[in-house]
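S.K.: Sharing a structure, written as structure tokens. Questions coming.
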Amino acid sequence: MKKWLRKWRLATVIAVLALVLSGCGEPFLSALKPAGEVAKQQYDLILFSLGIMTLVVIVVVVLFAIVLVRFRRKNNSEIPKQVEGSHTLEIIWTVIPIIIILVLAVPTVAATFSQGDVSAMDKKDKDGNRENLVVNVRAHLYWWEFEYEDLGILTSQDLVIPTDQKVYFNVESADIKHSFWIPPLGGKLDANPENVNKFFLSVDQDKADDVNNIFYGKCAELCGPSHAYMDFKVKAIPQDEFDQWVADMQNAEEPVPTSELAKKGEEVFNDSCISCHAVTPSNDTPPQARTAPNLADFGNRETVAGILEHNEESLKEWIKDPEQFKPGNKMTGAYPDLKDDELDALAAYLMELKVGNE
1 MKKWLRKWRL ATVIAVLALV LSGCGEPFLS ALKPAGEVAK QQYDLILFSL GIMTLVVIVV
61 VVLFAIVLVR FRRKNNSEIP KQVEGSHTLE IIWTVIPIII ILVLAVPTVA ATFSQGDVSA
121 MDKKDKDGNR ENLVVNVRAH LYWWEFEYED LGILTSQDLV IPTDQKVYFN VESADIKHSF
181 WIPPLGGKLD ANPENVNKFF LSVDQDKADD VNNIFYGKCA ELCGPSHAYM DFKVKAIPQD
241 EFDQWVADMQ NAEEPVPTSE LAKKGEEVFN DSCISCHAVT PSNDTPPQAR TAPNLADFGN
301 RETVAGILEH NEESLKEWIK DPEQFKPGNK MTGAYPDLKD DELDALAAYL MELKVGNE
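full-length UniProt numbering numbers the first residue of the sequence shown as 1 and each following residue consecutively.
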């Protein structure tokens, strides 16, 4: 008995801890800390639904308790009046669920249609230019590509967007099914290889300030052995800073190494890497030919391969053996083994790939 009681207490403690920890989360990664219009609307729906269902549970528990107490069997008690086939009860327990479903359905359907309205995506001004920012998102095993088609900019792994406005997305996949998800900004959207899904997100500037303008995005669809490591970063910045970033990217030129080591690294890159990777933010290459991440502005990124610290040591470890970090990635075995001095030079060159930070 005591042994069973100890196990019951331990199970209770674990259950309580799990419940408490389930509500924890960093603001840059938690869906429970909304940072934009879409996420806030979805969060409010969650709370609304949770409130309705909590009320239902309370009513059911109270009725259950009343029945247990009032109609419990007693010694020599008479059998209570039977109510099988009561039309009144049948109407009550049929109508109440219908009302609950309608109460839940109306705001949910309204929000779904509101968030699915992407008609403004193609709205143009008198000069024929889109009035809203549109980003083409393309998922790969296991990285993300972001194309600002109207701006002539192509990047990967770091998504840069302005705050306090709607940003529209065309989402697709280059290989298998993925799912585009930035938890604090809104629900996930499937990235399919055969069709394009569309939606919009927005970021509140004050929420971006709370996380130093960096949010984290993930793949939310099991897509292979490195699904858990298919991350990307979202830089949400004010409009004037975004305009400056756009100007810097549009005016970017071929990178020029500034040291002898970086110059040697450029030679290594041209011999081993340039057939797959680009180093300028141009979107001239057709989508079908983009087999590896664009490395423009690599020196200013937040991470290496989306998951490692952004420094030369991590970069060299990644280049040397990408399979140990992202099993099943397409970079493994795609280039010849490099000597240590070649790795040093290549890392120095890549870390100098910066746009707008001279």
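Every residue, glycine too, gets a C-beta built ideally from N, C-alpha and C.
Note that the structure is a prediction, hence the values are computed from the model and not measured.
1. Below 6 Å CB to CB, which residues in the same chain sit around residue 106 once its five sequence neighbours on both sides are set aside?
2. Would residue 38 be called buried (16 or more neighbouring beta carbons within 10 Å of its own) or exposed?
3. Report all residues from its chain with a CB closer than 6 Å to the CB of residue 150; omit the five preceding and five following residues, and keep chain order.
4. What are the start and end residues of each continuous alpha helix (DSSP H) run of 4 or more residues lying completely inside the stretch 223-274, in chain order?
5. Determine the direct distance from the alpha carbon of residue 162 to that of residue 236, and round the result to whole angstroms.
6. Since residue 107 is in the beta strand (DSSP E), which residue starts that stretch and which ends it?
7. Taking the CB atoms as reference points, tell me whether residue 168 and residue 118 lie closer together than 8 Å.
8. Whose CA, out of 166, 61, 290, 32, lies closest to the CA of residue 205?
9. Apart from the five residues just before and just after residue 358, which ones in its own chain have a Cβ nearer than 8 Å to its Cβ?
10. What's the C-alpha gap between residue 85 and residue 91?
11. What residues in its chain sit with their C-beta under 8 Å from that of residue 100, if we drop five residues either side in the sequence?
12. With three or more beta-carbon pairs closer than 8 Å as the criterion, would you say the stretch 213-220 touches the stretch 231-245?
13. Compute the beta-carbon to beta-carbon distance between residue 294 and residue 173, rounded to the nearest angstrom, for a pair I have assumed lies under 8 Å.
14. Do residue 254 and residue 299 have their CB atoms nearer than 8 Å?
15. Using the three-state DSSP reduction, which class does residue 203 fall into: helix, strand or coil?
16. Flag this pair as yes or no: are the beta carbons of residue 257 and residue 142 separated by less than 8 Å?
17. If you draw a straight line from the alpha carbon of residue 269 to that of residue 346, how long is it in whole angstroms?
M.R.: Judging by the given coordinates:
1. none
2. buried
3. Answer for residue 150: 130, listed in chain order.
4. 239-250, 260-272
5. 6 Å
6. Unbroken run through residue 107 is the alpha helix (DSSP H), 87-115; no beta strand (DSSP E).
7. Contact: yes.
8. 166 is the residue among 166, 61, 290, 32 whose C-alpha sits nearest the C-alpha of residue 205.
9. Residue placement at residue 358 is flagged as unreliable, the pLDDT there being 48, under the threshold of 50; the coordinate-derived value follows with that caveat. Counting only Cβ-Cβ distances below 8 Å, and skipping sequence neighbours, we find nothing.
10. 11 Å
11. If you ignore the 5 residues before and after residue 100, its C-beta comes within less than 8 Å of the C-beta of 52, 56, all in its own chain and listed in chain order.
12. yes
13. Incorrect: roughly 17 Å between the Cβ atoms, too far for contact.
14. It is not a contact, given that the beta carbons lie outside the stated cut-off.
15. coil
16. no
17. 6 Å
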